[in-house]
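Asker: Let me give you the structure first, and then I'll get to my questions.
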Amino acid sequence: MSANMVRDAERVWTALDGFQIEVPSWGFANTGTRFGKFLQSGAATTIDEKFADAAQVNALTGASPTVALHVLWDLPKGVADVPAVQALEKKFGVKSGSINPNLFQDAEYKYGSIANPNPEIRAIALDHLLDSVEIGKQLGSKDVSLWIADGSNYPGTQSIRNRIGWMEEVLGATHAALAPDQRMLVEYKPFEPAFYHTDIADWGMALELSRHAGPKAKVLVDTGHHYQGTNIEQIVAWLLHLGALGGFHFNDRKYADDDLTLGSIDPYQVFRIFHEILSAGKDEQAGIAFMIDQSHNLKGKVEAMIQSVVTAQELYAKAALVDRVTLAELQQQCRLVEAEECFRSAFWQDVRPIVRDWREARGLPADPLKALAESGYVQRISEERGSKNARSVSSYA
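The sequence shown maps to residues 121 to 517 in my numbering.
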């Protein structure tokens, strides 16, 4: 093995040893589109089954020791469900990750949740947020992840400025309830379900709301929540510069918030994002939470999740191979072609052999998808869950 190959292997192994990406409980459940839900015989129908599937992903990839929980879907009784979740953690060997409140599903939120003109409904939303914070405290979860679907569909129907003030008030109260080691991650989205104005429509709005709430509030970047052609890595660079980057929801998109598997449309974009992060200082990188947020409507649930985790590992490995010293010199000298080729050469390198070696050295299967197929796990859960999934279910996940 040449010196360059040894160097590349060392870089990749070091990067992968420190890389973890959280899987979402709802990614294992039956989902669909606004037109209907598509049932799969092997989809998880209970939180027990979601933990089982998440544990399978972690066992095969070695990269996903936590599972994001959705309060309404996974803990419908709120704090009272915490002991049951703690039992599942012990049973399956994966921990609870980010806690995700639901401020978009209940009928009360027809005109908004934390930005609703009705103070009684804002109080309901705040109570749910405070319950979510308490759930996180009891489960030892670091992050409470907020996606606010509030907005309006028609010009003149809502006071945009009033709604800013109402959001500041509720988010400030939520921040005040956080434990010293907890964070509040504020997500943004330009449109859907609101189509005229969304109350937290871009990273600037999320940043200002986070700043107003307090130092434990950070911005969450969802790679599907941007207009076509948005330079997401530039947003990442700015948030790193400002010390405001809390984490990611990774998925891919062709048109809008498509929730496709990571890297299926534009793997180069994910590589560019990882490059910006790996170019930052160790302290800046330390607090970034990598999470998957996808709806596997057509692909098998567990297979798609493993595919996404593996893709994330490979793209992170590619980003680790960028020769940043040489690249910085070429950038400084404005040697454009050489700089771009230095950058792209890492992306085009086939890291799969190095990643396979890393997996085997860590006691993991060299090919996680193949190992899943050979294990019979998907066939078994499809048989066990098939009759339940044949019946229509009312909740989204």
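The C-beta atom is built at its ideal place from N, Cα and C for all residues, glycine as well.
(1) If you check the beta carbons only, do A183 and Q225 fall under 7 Å apart?
(2) Give the single residue among D378, S502, I397 and P335 whose Cα lies nearest to the Cα of H361.
(3) Using the Cα positions of D301 and G260, report the straight-line distance between them to the nearest angstrom.
(4) With K508 as the anchor, note down where its alpha helix (DSSP H) starts and where it stops.
(5) Quick test of the definition: if touching needs 3 or more C-beta pairs under 8 Å, does the stretch 308 to 326 touch the stretch 279 to 288?
(6) How big is the Cα-Cα spacing for S415 and F463?
(7) For Y229, which of I268, A326 and V253 has the nearest alpha-carbon?
(8) Return the bridge partner residues of I412 from the DSSP annotation.
(9) Let me make sure I understand the geometry here. Which of L418, A299 and G138 has the alpha-carbon closest to that of G156?
(10) For G256, is the classification buried or exposed, using 16 other Cβ atoms within 10 angstroms of its Cβ as the cut-off for buried?
(11) Measuring CA to CA, which of S265, N150 and K421 is closest to V341?
(12) Assuming Y148 and A175 are in contact, meaning their beta carbons sit under 8 Å apart, how far apart are those beta carbons, in whole angstroms?
(13) Quick check: what's the CA-CA separation for I234 versus D379?
(14) According to DSSP, is L159 helix, strand or coil?
(15) State the start and end residues of the unbroken alpha helix (DSSP H) segment that holds V126.
(16) Relative to the alpha-carbon of A172, which residue among I393, Q160 and V422 has its alpha-carbon at the smallest distance?
(17) Ignore the nearest five residues each way along the sequence and tell me which others in G383's own chain have a CB closer than 7 Å to its CB.
(18) Under a Cβ-count criterion, where at least 16 other Cβ atoms within 10 Å of its own Cβ denotes burial, should R131 be classed as buried or exposed?
(19) Could you pull the start and end residues of the alpha helix (DSSP H) that A314 belongs to?
(20) For W468, does the count of other Cβ atoms within 10 angstroms reach 16, so buried, or fall short, so exposed?
(21) Going by beta-carbon coordinates alone, are L489 and I412 separated by less than 7 Å?
(22) Less than 7 Å between the beta carbons of E254 and A188, yes or no?
(23) Using DSSP bridges, identify the partner residues of M304.
(24) Alpha carbon to alpha carbon, what distance is there between Q354 and W323?
(25) For G285, which of helix, strand or coil comes out of DSSP?
Answerer: Taking the coordinates as given:
(1) no
(2) I397
(3) 9 Å
(4) Y497 to A510
(5) yes
(6) 32 Å
(7) I268
(8) F370
(9) L418
(10) buried
(11) S265
(12) In the sequence as presented, Tyr is not what sits at residue 148; that position holds Phe. Wrong, their Cβ atoms sit about 11 Å apart, outside the cutoff.
(13) 25 Å
(14) coil
(15) A123 to D137
(16) V422
(17) D372, V390, T431 and L435
(18) buried
(19) Premise fails: A314 is in no alpha helix (DSSP H) and is neither H nor E.
(20) exposed
(21) no
(22) no
(23) V264 and A337
(24) 11 Å
(25) helix
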